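**Q** Residue numbers (mature numbering (1 follows the signal peptide of the UniProt record, and there is no 0)): -18 to -1, 1 to 619.
Take a look at this one; I'll ask things after.
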């Protein structure tokens, strides 16, 4: 049954090839900004960038659920209790190997053990689109971009003001949105935007609260009923765009996010624990454009405070601070040539929770250069070089090269190779448990080959990507010797993304991913131990979705996402270790919306997630959500 289902998804995704079908999850925008320091058409890029548009974002419940539908990405915990932690596995890479960007700038969190960002802090409110660029991407973005980058592109300050009327609004525009779903869950958003010739602004607020379910799964025949574990998220953001001249743009911004939630003691273990995380993220973007020259500056400061209030172990506080500054120059003398020269400075601190402990810090300075050539509108060439000087491990070099070729207006192909790195985290270099100040960066090399088929009208599209990633000097932890650089990982796989329009009103989209990894570790006796199984990371995943656009502004979307079998590990109350095999599962979601009023600015929407009430497990010993109906309204005026 499992193989038949996978074959069906694969064949339908190969058949699906339309780009202008009603929006489902990923589309091609006119320009992309990820992978370069300037905006360009996807047709001018030798790399494949997946773009999730604003329509798909508006129809999604969470960032984790939306990313989980994309090719090559598994978000473990996307269907667990709302307060359960989420882990991104891109092409079988560990959670910390995917870098989250906000408007092209890395979101850095030194308070996180391993360096991964807490997805629960991030709301979809205020996002214009999401761009996903897979593979090694340290050339422009630095540390952590080992498996790929996910760029959250926010709405421009004046975007809301021009959405309805189609031009500059004579007054500020207001957008309101509210929804409720099962498990005592409510969400609400409000934003206001205005613009003028010189000044644009946007302010927004997002609120989410839930009573949830028990995070831990109750054991069979348990005499105790586990308590519900609720959660709450709040996001406040503001962006200002000021154009003192036609050539100069200043964009200060600030984002404040908080997440509070209950969590249990472990697999099959209830507890009254509490977790909170708070984020401050101010930033400044400066751009100057004159003829074929543009100069840009970026600065971001992130402050994260994590607190664990554990009934068994007491309170633990982690405070991270990070600053990053980028300066770059783009020279575009013609449509066929682009040269970027820039530099990046990153500084991180892990503040001590007590007066007795030391505050840890590290910095990295990186100049880089990138060249793009378009030869006769057929051959696309891209190459770049970056040097990193880290305060701990010294010097390290990254390079990338990509070639794209347009065989015809319909068919194109591409090849690329790139390297990336991840700096040791501050807790690994100097923390209280097994620190090693001599750690070296983890380094990776990615190879990709792909082809794209798209008709001249853009109605049919299919993208196939073959990839291999080698990661060396992986940092591991041993209770006796602490952190060490010792393991190596090789991942190989294939991704298929496709869409088509079956009729004037019915569109279909699908993707399919197969990835297989091999981890090599020393056995302590001069030999090597190899494994091809990775906890909670399936080899096979797939998605198939249909979207119907009615005569009136009525839209229905039906999707099915498949997650293959994968191994798992859990610990009981006595810390005994157990391994198990998790069954594959299929999740079916149904969404519908109807737009009212002449301007279609009043939308009623409803959704049922896990429509078939599939009983499945993401993490052994932890609960997953059953049938989850959701309904809401959005109004712009």
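Every residue, glycine too, gets a C-beta built ideally from N, C-alpha and C.
This structure is a prediction, so every number in the text was calculated from the model and none was measured.
Residues in the same chain with beta-carbon distance under 6 angstroms from residue 243, minus the five sequence neighbours each way, listed in chain order, please.
**A** Excluding residues within five positions, the ones whose Cβ falls inside 6 angstroms are 65, 213, 257.
**Q** Is the segment 532 to 540 close to the segment 575 to 595, with three or more CB pairs under 8 angstroms?
**A** With a cut-off of 8 angstroms, the segment 575 to 595 and the segment 532 to 540 count as touching, because enough Cβ pairs lie within range.
**Q** What are the boundary residues of the beta strand (DSSP E) that includes residue 114?
**A** Counting along the chain, the beta strand (DSSP E) containing residue 114 begins and ends at 109 to 116.
**Q** With the cut-off set at 8 angstroms, would you say residue 630 and residue 605 are in Cβ contact?
**A** Residue 630 lies beyond the range of the chain shown here (-18 to 619); nothing can be said about it.
**Q** Out of 215, 58, 220, 267, state which residue places its alpha-carbon closest to the alpha-carbon of residue 230.
**A** For the residues 215, 58, 220, 267, the minimum Cα distance to residue 230 belongs to 267.
**Q** Tell me the rounded alpha-carbon separation between residue 174 and residue 163.
**A** Near 25 angstroms, if we compare the C-alpha coordinates of residue 163 and residue 174.
**Q** Using the three-state DSSP reduction, which class does residue 20 fall into: helix, strand or coil?
**A** Coil at residue 20, not helix or strand.
**Q** Could you check whether the segment 358 to 366 touches the segment 425 to 439, counting it as contact only if at least three pairs of C-beta atoms, one from each stretch, sit closer than 8 angstroms?
**A** No, the segment 358 to 366 is not in contact with the segment 425 to 439.
**Q** Look up residue 145 in the DSSP assignment and say whether it is helix, strand or coil.
**A** Any reading at residue 145 is ruled out, since the residue's pLDDT is 45, under 50, leaving its predicted position unreliable.
**Q** Between the segment 75 to 83 and the segment 377 to 396, are three or more C-beta pairs nearer than 8 angstroms?
**A** Flag = no, the segment 75 to 83 and the segment 377 to 396 do not touch.
**Q** Smallest Cα separation from residue 548: which of 522, 539, 568?
**A** Considering only alpha carbons, the answer is 522.
**Q** In its own chain, which residues sit with a C-beta less than 6 angstroms from the C-beta of residue 127, not counting the 5 before and 5 after it?
**A** Correct list, in chain order: 81, 119, 120, 402.
**Q** Compare the C-alpha of residue 475 against each of 47, 54, 41 and name the closest.
**A** Checked all of 47, 54, 41; the closest Cα to residue 475 is 54.
**Q** Using only the alpha-carbon positions, how far apart do residue 10 and residue 23 sit?
**A** Reliability fails at residue 10, whose pLDDT of 42 lies under 50, so the model's placement of it is uncertain and no value is given.
**Q** Thinking residue 92 and residue 288 are a contact (beta carbons under 8 angstroms), I'd like their distance in whole angstroms, please.
**A** Residue 92 to residue 288, Cβ: 10 angstroms. No contact.
**Q** From residue 342 to residue 566, what does the alpha carbon distance come to, in whole angstroms?
**A** About 43 angstroms.
**Q** Closer than 6 angstroms by C-beta to residue 90: which residues in its own chain qualify, once you throw out the five before and the five after it? Chain order, please.
**A** If we look at residue 90 and ignore the five residues flanking it on each side, its Cβ neighbours are 284, 304.
**Q** Looking only at C-alpha atoms, which of 320, 345, 260 sits nearest to residue 327?
**A** Answer by Cα proximity: 345.
**Q** Please report how far the alpha carbon of residue -7 lies from the alpha carbon of residue 448, in whole angstroms.
**A** In this predicted model, residue -7 has a pLDDT of only 39, less than 50, meaning its place in the structure is not dependable; the value taken from the coordinates is given anyway. Cα to Cα, residue -7 sits roughly 19 angstroms from residue 448.
**Q** Would you mind stating whether residue 238 and residue 618 have Cβ atoms separated by less than 8 angstroms?
**A** It is not a contact, given that the beta carbons lie outside the stated cut-off.
**Q** Closest by CA to residue 526, which one among 493, 422, 388?
**A** Closest by alpha carbon: 493.
**Q** Please confirm whether residue 56 and residue 519 have their CB atoms less than 8 angstroms apart.
**A** Against a cut-off of 8 angstroms, the Cβ pair of residue 519 and residue 56 comes out as a contact.
**Q** Using only alpha-carbon positions, find the residue among 312, 246, 569, 114 that is nearest to residue 295.
**A** Looking at the Cα atoms, 246 is the closest of the given residues.
**Q** Determine the contact status of residue 572 and residue 540, defining contact as a CB-CB distance below 8 angstroms.
**A** Yes, Cβ-Cβ distance for residue 572 and residue 540 is below 8 angstroms.
**Q** Given a cut-off of 8 angstroms, decide if residue 159 and residue 170 are closer than it, judged by their beta-carbon atoms.
**A** Result yes, Cβ atoms of residue 170 and residue 159 sit closer than 8 angstroms.
**Q** Take the Cβ of residue 463 as the centre, count every other Cβ of all protein chains shown within 10 Å, and call the residue buried at 16 or more, exposed below.
**A** It is exposed - the Cβ of residue 463 has fewer than 16 other Cβ atoms within 10 Å.
**Q** Identify whether residue 463 lies in helix, strand or coil by the three-state DSSP scheme.
**A** Residue 463 falls in the coil class under three-state DSSP.
**Q** Between the alpha carbons of residue 620 and residue 51, how many angstroms are there, rounded?
**A** This structure does not reach residue 620, given that the chain is present from -18 up to 619, and the question cannot be answered.
**Q** Could you check whether the segment 267 to 280 touches the segment 214 to 221, counting it as contact only if at least three pairs of C-beta atoms, one from each stretch, sit closer than 8 angstroms?
**A** Output reads no: the segment 214 to 221 does not touch the segment 267 to 280.
**Q** Would a C-beta distance cut-off of 8 angstroms place residue 31 and residue 83 closer than the cut-off?
**A** Not a contact, by the Cβ cut-off of 8 angstroms.
**Q** Using the three-state DSSP reduction, which class does residue 377 fall into: helix, strand or coil?
**A** The answer is strand: DSSP assigns residue 377 an E or B state.
**Q** Whole angstroms are fine: how far does the CA of residue 172 sit from the CA of residue 139?
**A** Taking the straight line joining both Cα atoms gives about 14 angstroms.
**Q** Any idea if residue 73 is buried or exposed, counting beta-carbon neighbours within 10 angstroms, 16 or more meaning buried?
**A** Label assigned to residue 73: buried.
**Q** Drop a sphere of 10 angstroms on the beta-carbon of residue 507, count the other beta-carbons inside from all chains shown, and report buried for 16 or more, exposed for fewer.
**A** Exposed, since its Cβ has fewer than 16 Cβ neighbours within 10 Å.
**Q** If you follow the beta strand (DSSP E) that residue 284 is in, where does it begin and where does it stop?
**A** Element bounds for residue 284: 275 to 292.
**Q** With a Cβ-Cβ cutoff of 8 angstroms, do residue 103 and residue 241 count as a contact?
**A** Yes; because the gap between Cβ atoms is below 8 angstroms, this pair is in contact.
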